Amino acid sequence: MSRKNLIILQIVLWSCIIVFLTGIFVYASFTNHEEMTIALTGNGHELNYEVPLENMNEIEVDLVNQDIYIYETDEPVLIVKQVANRRIPEDEKLRLVQYEHKVRVEKKNNIGFKVFNFGNWSFNERVEIYVPATYKQLLNLKTVSGTIKMDNVIVDEIECQTTSGDIEMINVTAKEMKINTTSGDIKVENIEIDSLEGVSTSGDLEIEGMCNNVEGKTVSGNIELELMQHPKQIRVESVSGDIDLTFAKMNGFDLEFNSTSGDFESDFDVIAKSKKKYSYKDESAKLRVKTVSGNLEIN
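If you're matching positions, the sequence shown starts at 1 in the UniProt record's numbering and goes up one per residue.
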């Protein structure tokens with residue numbers, strides 16, 4: 001065997017070894033958990049799961065073609081309800097998995113790879129998550145072709161992500177919130193958040209409540225921000241959508257507005273420092289706004 005062929009053979013062998021070891025690592029990563037012992041009740045159209053949350057610091061929900069509803073409960077355990085308009089077959093029941101400090105809610109047939117996603121329709125199915133009032137850690141919610149709705153929830157951290165679905169929240173309190181939708185609207189009302197980050201690719205972004213720090217970004221959607229308290233910092237950006245900032249209390253702001261063709265209007269007696277920079281009173285709130293063709297209005 002020539003030296004060249006020997007080198008090629010060694011490369012092939014090492015490549016096979018690397019692929020094999022990578023496969024073992026991936027398999028171990030996905031199997032390093034155990035399915036939970038849960039209390040399961042229901043009549044076929046509605047299934048109820050109850051899960052203890054002792055020593056858990058994350059609740060992760062990852063679903064496809066299902067709406068997710070999040071509520072708070074006085075019960076000491078996590079309650080998950082799977083509701084459909086027809087009997088739920090065995091392979092479409094939810095699967096609850098326990099990691100070291102995390103509980104994951106997923107559908108059984110979401111596991112593995114599918115070339116065509118046939119048989120994965122949910123027929124107006126929704127999943128209701130009832131979070132114990134004593135749980136204050138991370139809520140991590142993901143859905144494809146589904147809406148995420150949250151009402152009367154208090155936790156430390158919230159992460160929401162949808163593809164082809166809206167995100168709606170009301171009466172929610174958290175230290176940090178990150179919300180992202182690829183094709184849908186984001187609407188949060190009566191919130192109390194220290195730091196909020198919202199991204200919508202082709203939908204609108206509406207935020208109302210109390211928030212110290214806000215980062216918002218859209219491509220074609222509008223951004224409407226209505227704050228009940230004086231903020232620390234706001235950074236918002238849109239390509240073609242308009243941006244409307246309303247403040248119930250404003251001590252003063254320092255504004256930088258970068259836009260190619262958008263106009264700026266305000267009810268405040270702002271002072272123009274330059275073409276892109278404006279100030280009002282004590283300049284304590286930092287406002288950074290960027291658009292291509294969208295207008296900015298501050299009231």
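For every residue, glycine included, the Cβ atom is placed at its ideal position computed from N, Cα and C. Owing to the predicted nature of the structure, the values given are computational and were not obtained by experimental measurement.
D244 is bridged by DSSP to E224 and E297. In the displayed model, K232 falls within coil according to three-state DSSP, outside both helix and strand. Comparing alpha carbon positions, the residue from D282, D67, G203 and V153 closest to S145 is D67. Remark: C-beta atoms of K142 and E168 do not approach each other more closely than 8 angstroms.
Here K107 carries a strand assignment [DSSP, helix/strand/coil]. By the C-beta density criterion, T218 is buried, having at least 16 other C-beta atoms within 10 angstroms. The alpha-carbon of P132 is positioned some 11 angstroms away from that of E50.
Taking each of Q161, L96 and N190 in turn and checking the Cα distance to T201, the smallest one comes out for Q161. Proximity to M150 across E72, D194 and G209 peaks at E72, based on C-alpha coordinates. E197 has its alpha-carbon roughly 12 angstroms from the corresponding atom of T181.
The beta carbons of P231 and A174 sit no closer together than 8 angstroms. Taking 8 angstroms as the cut-off, the beta carbon of K290 is found no closer than this to the beta carbon of E224. Straight-line measurement puts the Cα of G184 at about 27 angstroms from the Cα of R95. By DSSP's assignment, P52 forms no beta bridge with any residue. Within its own chain, the residues whose Cβ lies closer than 7 angstroms to the Cβ of I170, once the five positions on either side in sequence are excluded, are D151, E189 and N190, listed in chain order. Taking a 10 Å sphere around the C-beta of A272, we find fewer than 16 other C-beta atoms and assign the residue as exposed. For E58, the closest of N212, N251, G216 and N140 by C-alpha to C-alpha distance is N140. For E283, the closest alpha carbon among the candidates L255, N295 and S259 is that of L255. Per DSSP, Q161 is one residue of the beta strand (DSSP E) stretching across E157 to T163. For S293, the closest alpha carbon among the candidates G221, E100, T246 and V270 is that of G221. Rounded to whole angstroms, the separation of the alpha carbons of S240 and H45 is 44 angstroms. If you look at T143, you'll find it in the beta strand (DSSP E) that goes L138 to V144. Residues L47, Q82, K107 and K108 of the same chain have their beta carbon placed closer than 8 angstroms to that of K93, with the five preceding and five following residues left out of the count.
Of the residues assessed, E125 falls on the buried side of the cut-off, its CB having 16 or more other CB atoms within 10 angstroms.
In the three-state scheme derived from DSSP, where H, G and I count as helix and E and B as strand, E197 is classed as strand. Around the beta-carbon of T134, fewer than 16 other beta-carbon atoms lie within 10 Å, marking it exposed.
Per DSSP, the unbroken beta strand (DSSP E) holding D151 starts and ends at I148 to I154.
The shortest CA-to-CA distance from I79 to any of P52, E192 and N65 is the one to P52. Closest by C-alpha distance to F264, out of G252, F253, N251 and Y278, is Y278. Sequence-distant Cβ neighbours of I298 in its own chain, meaning closer than 7 angstroms and more than five residues away, are L245, S266 and F268. Distance from L287 to I234 at the Cβ level is roughly 5 angstroms; contact confirmed, criterion being Cβ atoms closer than 8 angstroms.
Remark: C-beta atoms of K281 and G252 approach each other more closely than 8 angstroms.
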